[in-house]
Amino acid sequence: MIRWLRLAAAATVIASLIALGIGAGLFVVANGGWVPVRVPPWLTQLLGDRPHEVWLPALFIGWLASALLAVALLLGSLSYVWRRRQYESLIGRLERELAKLRNLPFTEPAPLEDLPETPDPEAARVMAEFIGGPPPLEGPAHQAELEDAPAEPDEPGAHDEPGAHDERGERGATAPGAAPTQQGAG
Numbered sequence: 002m003i004r005w006l007r008l009a010a011a012a013t014v015i016a017s018l019i020a021l022g023i024g025a026g027l028f029v030v031a032n033g034g035w036v037p038v039r040v041p042p043w044l045t046q047l048l049g050d051r052p053h054e055v056w057l058p059a060l061f062i063g064w065l066a067s068a069l070l071a072v073a074l075l076l077g078s079l080s081y082v083w084r085r086r087q088y089e090s091l092i093g094r095l096e097r098e099l100a101k102l103r104n105l106p107f108t109e110p111a112p113l114e115d116l117p118e119t120p121d122p123e124a125a126r127v128m129a130e131f132i133g134g135p136p137p138l139e140g141p142a143h144q145a146e147l148e149d150a151p152a153e154p155d156e157p158g159a160h161d162e163p164g165a166h167d168e169r170g171e172r173g174a175t176a177p178g179a180a181p182t183q184q185g186a187g
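Below you can see the structure in the form of structure tokens.
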């Protein structure tokens with residue numbers, strides 16, 4: 002629909018310019034003489050009071066050129082304002098979309114099934130080097146240290162108190178982050 006309107010508007014402008022050119026040409030041919038131009042009384046001090054003769058076709062062409070220039074300036078300014086509003090609207094839409102994407106981890110976090118079951122040891126090592134912390138715990142021995150109870154219920158010590166068979170129990174701590182306590186004085 003808009004393409005047809007644009008095509009019709011362009012055809013109308015072109016046809017009107019052709020008709021205006023033909024009419025101006027016929028008018029100039031019919032009035033090809035010189036005409037006296039009188040100076041207005043309020044400009045006589047600046048330009049004098051002597052009569053000026055102007056070639057009539059040049060006068061018509063000047064009027065036509067000034068009218069076309071005024072129309073072109075008007076259409077150009079309207080086009081500039083229209084495009085500027087389009088760009089501002091596009092920027093507003095993109096900023097709103099960017100704000101939604103920035104808040105996406107908070108509004109729609111990743112489901113747990115998308116996260117890996119076990120952490121990647123290589124990624125943990127690189128991250129530890131990056132932040133300057135201690136190297137990550139790796140291997141089954143370190144994994145057993147982090148767990149309080151055995152994985153299988155039939156393993157020996159599965160029903161004992163947590164920390165009864167490791168060095169943490171000897172220190173009196175039952176969790177990896179717990180502080181050591183004094184066991185019995187004297």
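Here the sequence shown is numbered in the numbering used here, starting from 2 and rising by one per residue.
For glycine and all other residues, C-beta sits at the position ideal for the given N, C-alpha and C.
None of these values were measured; they are calculated from a predicted model.
Can you say whether residue i is buried or exposed, counting buried as having 16 or more other CB atoms within 10 angstroms of its CB?
i	result
alanine 150	Residue confidence is low: alanine 150 scores 47 on pLDDT, short of 50, so the model does not pin down where it sits. Its coordinate-derived value is still stated next. Alanine 150 is exposed by the Cβ-count criterion.
Out of the options, which one is the CA nearest neighbour of residue i?
i	options	result
leucine 60	Gly77, Gly26, Tyr88 and Ser17	Gly26
proline 58	Glu118, Ala31 and Leu95	Ala31
glycine 33	Val40, Glu54, Gln46 and Leu79	Glu54
leucine 65	Glu109, Val36 and Ala20	Ala20
isoleucine 15	Leu69, Pro42, Gly63 and Pro37	Leu69
According to DSSP, which residues form a beta bridge with residue i?
i	result
glutamate 54	Pro37
For residue i, which of helix, strand or coil comes out of DSSP?
i	result
proline 106	helix
glycine 1	Summary: the structure shown does not reach residue 1, with the chain confined to residues 2 through 187, and so no result is reported for it.
alanine 150	With a pLDDT of only 47 at alanine 150, under the threshold of 50, the placement of this residue in the model should not be trusted, and no figure is reported.
serine 118	The sequence given here has glutamate at residue 118, not serine. Glutamate 118: coil per DSSP, three-state reduction.
methionine 2	coil
glycine 133	coil
alanine 111	coil
Using a Cβ cut-off of 8 Å (strictly closer), state whether residue i contacts chain D.
i	result
asparagine 104	Of the protein chains in this structure there is only one, and it is not chain D.
Provide the residue span of the alpha helix (DSSP H) that contains residue i, from first to last.
i	result
leucine 47	45-48
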